[in-house]
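Residue numbers for the sequence shown follow my numbering, so the first one is 190 and each next one is one higher.
Cβ atoms here follow ideal geometry from the backbone N, Cα and C, with glycine treated the same way.
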Amino acid sequence: MARGKVRAKIGGLARNAAGKAGSKAKQTVRETSGPSPNPATNLILADIAIRGGGRLLRHAVERTLLGVKYPDQKARDIVKGRSMVQTLVGTAAARMATRSLPGALLVGGGLLAKTLYDRSKGRAQAKAEGEAQIEEQAAKAP
């Protein structure tokens, strides 16, 4: 049998097995009820779980990125010390950037403009201002 035919046969078998597994998974999901018999309640519970998990993941990523430069406890304090305004602005910018191409261009352009502005100040001055903001944010941690 030619090599191409063997690959096609193996590919067909794999697709068939994947299709069967997918059908079985869908059937299992349909038969399984959530924690509540009310589907609306299950949807709310799923939303809360996803948002909570996303928040935990976001904080872990932020602490990891900050942990490269700062000690672990200071990185935690920086993340915890963020003000409500900073949190809302970050959330709004991320939402705007992920919902549409014009939003992504607007947010990306704003970040590019901020980066160019910081570079125009001079590396030492921009770094000192950033460090002062981080110190202030870490001091606000509960």
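DSSP state of residue i, grouped into three classes?
i: N205; result: helix
i: R252; result: helix
i: G241; result: helix
Distance check for residue j and residue i, CA to CA, integer angstroms please.
i: S289; j: A282; result: 12 angstroms
i: R244; j: P291; result: 26 angstroms
i: L305; j: Q322; result: 19 angstroms
i: A207; j: K213; result: 10 angstroms
i: G297; j: G223; result: 40 angstroms
Going by alpha carbons, who is nearest to residue i out of the options?
i: G279; options: L300, P260, S212 and A264; result: L300
i: R247; options: V257, T276 and D236; result: T276
i: G270; options: E325, T253 and I199; result: E325
How far does the alpha helix (DSSP H) with residue i in it reach, from first residue to last?
i: G311; result: Element bounds for G311: n/a, residue is neither H nor E.
i: V268; result: D261 to K269
Under 7 angstroms from any heavy atom of the ligand HEM, does the C-beta of residue i make it?
i: R288; result: Among the components modelled here there is no ligand, and therefore nothing to report on the ligand HEM.
Does the Cβ of residue i have 16 or more other Cβ atoms within 10 Å, making it buried, or fewer, making it exposed?
i: A327; result: buried
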